[in-house]
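Some notes on the structure that comes next.
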Amino acid sequence: MITNNDAFTRVEKMQTGYTDINSKTIDNWVDSGWEWGKPIGHDAFTNAKKGEWSVLLTPTKPVPKEWFGSLAGKEVLGLASGGGQQIPVFSALGASCTVLDYSDKQLESEKIVSEREGYKVRIVKADMTKRLPFGDGEFDVVFHPVSNCYIKDVFHVWNECYRILRKGGVLLAGLDNGLNFAFNEEETSLGRPLPFDPTADKALYAESIEKDWGIQFSHTIEEQVAGQLKAGFTLTDIYEDTNGEGNLHAHNIPTFYATRSVK
Numbered sequence: 043m044i045t046n047n048d049a050f051t052r053v054e055k056m057q058t059g060y061t062d063i064n065s066k067t068i069d070n071w072v073d074s075g076w077e078w079g080k081p082i083g084h085d086a087f088t089n090a091k092k093g094e095w096s097v098l099l100t101p102t103k104p105v106p107k108e109w110f111g112s113l114a115g116k117e118v119l120g121l122a123s124g125g126g127q128q129i130p131v132f133s134a135l136g137a138s139c140t141v142l143d144y145s146d147k148q149l150e151s152e153k154i155v156s157e158r159e160g161y162k163v164r165i166v167k168a169d170m171t172k173r174l175p176f177g178d179g180e181f182d183v184v185f186h187p188v189s190n191c192y193i194k195d196v197f198h199v200w201n202e203c204y205r206i207l208r209k210g211g212v213l214l215a216g217l218d219n220g221l222n223f224a225f226n227e228e229e230t231s232l233g234r235p236l237p238f239d240p241t242a243d244k245a246l247y248a249e250s251i252e253k254d255w256g257i258q259f260s261h262t263i264e265e266q267v268a269g270q271l272k273a274g275f276t277l278t279d280i281y282e283d284t285n286g287e288g289n290l291h292a293h294n295i296p297t298f299y300a301t302r303s304v305k
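Under this note's numbering, the first residue of the sequence shown is numbered 43, with each subsequent residue one higher.
Here's what the structure looks like:
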């Protein structure tokens, strides 16, 4: 017999324990050759030192270099940015870098690249749904690739980014517009209504676990962009991007966007 307490415990676990599930899921994806878990090679690092570089916030479009300005001597945080893809580039450009992620495998890649190339990086394992383990005004730049799809409350992230950035500091964020969650896996028809929230739907939660999606969430423009504005940021630029593959990409339908905001 299932009691009300049992049902409450299940719901509470769905709503609060999902980040641990996502951490383990991403570890498994990295072991399986996940594109966003493959660290850059030595040549890419040395090219960055010569000024030949690009980084991504979204699947295909490089971030405009003017969004950064000079990174030499800057304090840069890669927020949910493990994997050894962007932080090595920023380090090669002279930044003092910190990377925070909740995936052991993604952080392991950061360590491997830093030891191979001989630069220092502060590696922090932490859950970004909690208070970030940094002081007020500690960073000049927060680089935040697409990852809000793995958390339910993005307002908390924007408030924390505002807190840890110095006045004039820059937040660069890659964001999901939610369309991917509305389509079926083949991207040929609408599959389900938005919002996509497995913590509010037991059947969707079970399907997410069964299909190894992790626990992901769709978010609105009010959450993703207006949320930054409500935290105190000024939006200075924005661009759209596609999935880089699949049916939606073939039809040039944007499913991601990137923002540059200033404190």
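Note that the Cβ used here is the ideal one computed from N, Cα and C, for glycine as well.
Check: Unbroken beta strand (DSSP E) runs of length 3 or more, entirely within the region 164 to 188: which are they?
Finding: 181 to 186
Item checked: Alpha-carbon to alpha-carbon, I165 and G120 -> The sequence position of residue 120 within the sequence shown is 78, counting from 1. The sequence position of residue 165 within the sequence shown is 123, counting from 1. Between the C-alpha atoms of G120 and I165 there is a straight-line separation of about 10 Å.
Check: What separation, rounded to the nearest whole angstrom, lies between the Cα atoms of A49 and K244?
Finding: Counted from its first residue, the sequence shown places residue 49 at position 7. Counted from its first residue, the sequence shown places residue 244 at position 202. Because A49 carries a pLDDT of 39, less than 50, the predicted location of this residue cannot be relied on, and the following value inherits that uncertainty. Taking the straight line joining both Cα atoms gives about 11 Å.
Next item on the list: Let me know if A114 comes out buried or exposed under the rule of 16 or more other beta-carbons within 10 Å of its beta-carbon.
Entry: As a working mapping, residue 114 is identified with position 72 in the sequence shown. By the 10 Å Cβ count, A114 comes out exposed.
Check: Going straight from the alpha carbon of P235 to that of S156, what length do you get?
Finding: Position 193 of the sequence shown, counted from the start, is the residue given in the question as residue 235. Position 114 of the sequence shown, counted from the start, is the residue given in the question as residue 156. Cα to Cα, the separation comes out at about 43 Å.
Note to self: Let's see if you can read the secondary structure: which residues bound the alpha helix (DSSP H) around E282?
What the structure shows: Within the sequence shown, residue 282 is the residue found at index 240, counting from 1. Premise fails: E282 lies in the beta strand (DSSP E), T276 to D283, not in any alpha helix (DSSP H).
Notebook entry, point to check: Alpha carbon to alpha carbon, what distance is there between V188 and T297?
Noted result: What you label residue 297 is simply residue 255 of the sequence shown in a count that begins at 1. What you label residue 188 is simply residue 146 of the sequence shown in a count that begins at 1. Cα to Cα, the separation comes out at about 11 Å.
Note to self: My assumption, with CB atoms under 8 Å, is that R158 sits in contact with H84. Please give the rounded CB distance.
What the structure shows: Along the sequence shown, one-based indexing puts residue 158 at 116. Along the sequence shown, one-based indexing puts residue 84 at 42. With 8 Å as the limit, R158 and H84 qualify as a contact, their Cβ atoms being about 7 Å apart.
Checklist line | Beta carbon of D283 nearer than 8 Å to that of T100 | finding: Within the sequence shown, numbered from 1, the residue matching residue 283 stands at position 241. Within the sequence shown, numbered from 1, the residue matching residue 100 stands at position 58. In this structure, T100 lies closer than 8 Å to D283 by Cβ.
Next item on the list: Could you check what DSSP says for T140 in three-state terms: helix, strand or coil?
Entry: Against the sequence shown, residue 140 aligns to sequence position 98. T140 falls in the strand class under three-state DSSP.
Notebook entry, point to check: At a cut of 8 Å, does the region 86 to 103 reach the region 184 to 200 through at least three beta carbon pairs?
Noted result: yes
Next item on the list: Kindly indicate which three-state DSSP category L20 falls into: helix, strand or coil?
Entry: Because the chain here runs from 43 to 305, residue 20 falls outside it and cannot be looked at.
Next item on the list: Please name the residue in F259, F181 and L207 whose C-alpha comes closest to that of C191.
Entry: Working through the sequence shown from its first residue, we reach residue 191 at position 149. Closest by alpha carbon: F259.
Check: Should L217 go down as buried or exposed, given a rule of 16 or more other Cβ atoms within 10 Å for buried?
Finding: Against the sequence shown, residue 217 aligns to sequence position 175. Buried is the call here.
Notebook entry, point to check: Identify the residues that DSSP records as bridge partners of T307: which are they?
Noted result: With the chain represented from 43 up to 305, any question about residue 307 goes unanswered, as that position is not in the structure.
Note to self: When you compare the CB positions of V118 and D182, do they come within less than 8 Å of one another, or not?
What the structure shows: Counting from 1 along the sequence shown, the entry for residue 118 is found at position 76. Counting from 1 along the sequence shown, the entry for residue 182 is found at position 140. Against a cut-off of 8 Å, the Cβ pair of D182 and V118 comes out as a contact.
Note to self: DSSP has F225 in a bridge; who is on the other side?
What the structure shows: Numbered from its first residue, the sequence shown carries residue 225 at position 183. DSSP, once it has assigned bridges, lists L232 as partnering F225.
Item checked: Of the residues C139, E108 and Q148, the one placed nearest N64, counting alpha carbons only -> For the purposes of this step, residue 64 is identified with residue 22 of the sequence shown, where counting begins at 1. Among C139, E108 and Q148, the Cα nearest to that of N64 is on Q148.
Item checked: Close-in-space but distant-in-sequence residues of the same chain around R302 (CB under 6 Å, 5 per side omitted) -> Taking the sequence shown and counting its residues from 1, the one referred to as residue 302 is at position 260. Cβ neighbours of R302 beyond the five flanking positions: W109, L214, T278 and D279.
Note to self: By the DSSP assignment, the beta strand (DSSP E) with L121 in it spans what residues?
What the structure shows: For the purposes of this step, residue 121 is identified with residue 79 of the sequence shown, where counting begins at 1. Going by DSSP, L121 is part of the beta strand (DSSP E) stretching over E117 to L121.
Checklist line | Simplified DSSP assignment, three categories, for P101 | finding: Working through the sequence shown from its first residue, we reach residue 101 at position 59. Coil.
Margin query: For D195, report the span of its alpha helix (DSSP H) as first-last.
Written below: Taking the sequence shown and counting its residues from 1, the one referred to as residue 195 is at position 153. First-last for D195: undefined, no H or E at that position.
Next item on the list: Count the other CB atoms, across all protein chains shown, that sit within 10 Å of the CB of L174; report buried if there are 16 or more and exposed otherwise.
Entry: Locating residue 174 in the sequence shown gives position 132, counting from the first residue. The residue in question, L174, is buried, as its Cβ has 16 or more Cβ neighbours within 10 Å.
Check: Closest to G124 by CA distance: which of V131, A134, V105 and S151 is it?
Finding: For this step, residue 124 is matched to residue 82 along the sequence shown. Out of V131, A134, V105 and S151, S151 has the C-alpha closest to the C-alpha of G124.
Notebook entry, point to check: If you draw a straight line from the alpha carbon of L232 to that of L221, how long is it in whole angstroms?
Noted result: Reading the sequence shown from its first residue, position 190 is the one you call residue 232. Reading the sequence shown from its first residue, position 179 is the one you call residue 221. Taking the straight line from one Cα to the other gives about 9 Å.
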